[in-house]
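In terms of our numbering, the sequence shown opens at residue 1 and continues consecutively. Note sheet for the following structure.
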Amino acid sequence: RFAVVYSDWVKYTGLNDLDSKSVTRGVFEEKATGKRVAVCSTHFWWQIGEEHTLQRLENVKQLKAAAEDIIAKFGVPVIVSGDLNNGLGAPQDTRPYEKLMKEGFTDIRHTAEITTDSHTCHEYPTLNENDEYVNGPEPSFTLDYILTYGKNALKPLKFEVLTSTDALNSSDHCPLIGEFEF
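Structure below.
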């Protein structure tokens, strides 16, 4: 349904274990209509404390620059999803999330026609005697988001957090689903 028009990734500077903190970007064109959208996946720094909050605030600046760069090159709406490592009920300081909102990002949890107030993360599931993860608890804090950015942001129709047994047992982060009017 979509063709890849552009793709790359930008590694965040500063604290960055295994160079894993970054934003991956792609611009996609709907084959039937020629309409384009950018989708970014990100992972912010994770540790707790003032130095680490400052690093996540730096991640915010770099994410915004990456989104602005895509808009300048392609003039497309931007969807960002990923682990921001701060949020409602999380042990990390929420200033990075708040800064994203002040910088023009929109959390679709609050704007989608169909949404949920479910959290996105939980403690790790248990590894049983058969090397299977079981007993993944219900989500109790939020680290993961789907955001939009730009003047021509797509209209969010649905925001969902998957909390099936399989989802809870597969990771400490729950899968998110966002649906948009294209």
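For glycine and all other residues, C-beta sits at the position ideal for the given N, C-alpha and C.
Buried or exposed for residue i, please, with buried defined as at least 16 other CB atoms from any protein chain shown within 10 angstroms of its CB.
{"i": "His110", "result": "exposed"}
{"i": "Gly150", "result": "buried"}
{"i": "Ile79", "result": "buried"}
{"i": "Lys102", "result": "exposed"}
{"i": "Pro91", "result": "exposed"}
{"i": "Ser148", "result": "In the sequence on display, residue 148 carries Thr and not Ser. Buried, since its Cβ has 16 or more Cβ neighbours within 10 Å."}
Less than 7 Å between the beta carbons of residue i and residue j, yes or no?
{"i": "Glu181", "j": "Lys155", "result": "yes"}
{"i": "Arg95", "j": "Thr142", "result": "no"}
{"i": "Trp45", "j": "Leu84", "result": "no"}
{"i": "Asn169", "j": "Pro77", "result": "no"}
{"i": "His119", "j": "Ser140", "result": "yes"}
{"i": "Pro175", "j": "Leu162", "result": "yes"}
Please check the pair residue i and residue j, which I expect to be a contact at CB under 8 Å, by giving their CB distance rounded to whole angstroms.
{"i": "Gly82", "j": "Thr42", "result": "4 Å"}
{"i": "Val5", "j": "Val27", "result": "4 Å"}
{"i": "Ser7", "j": "Arg36", "result": "At roughly 13 Å, the Cβ-Cβ gap does not stay under 8 Å, so Ser7 and Arg36 are not in contact."}
{"i": "Lys31", "j": "Arg1", "result": "6 Å"}
What are the boundary residues of the beta strand (DSSP E) that includes residue i?
{"i": "Ser41", "result": "Arg36 to His43"}
*Is it true that the stretch 123 to 136 meets the stretch 53 to 70, where meeting means three or more beta-carbon pairs spaced less than 8 Å apart?*
The stretch 123 to 136 is not in contact with the stretch 53 to 70.
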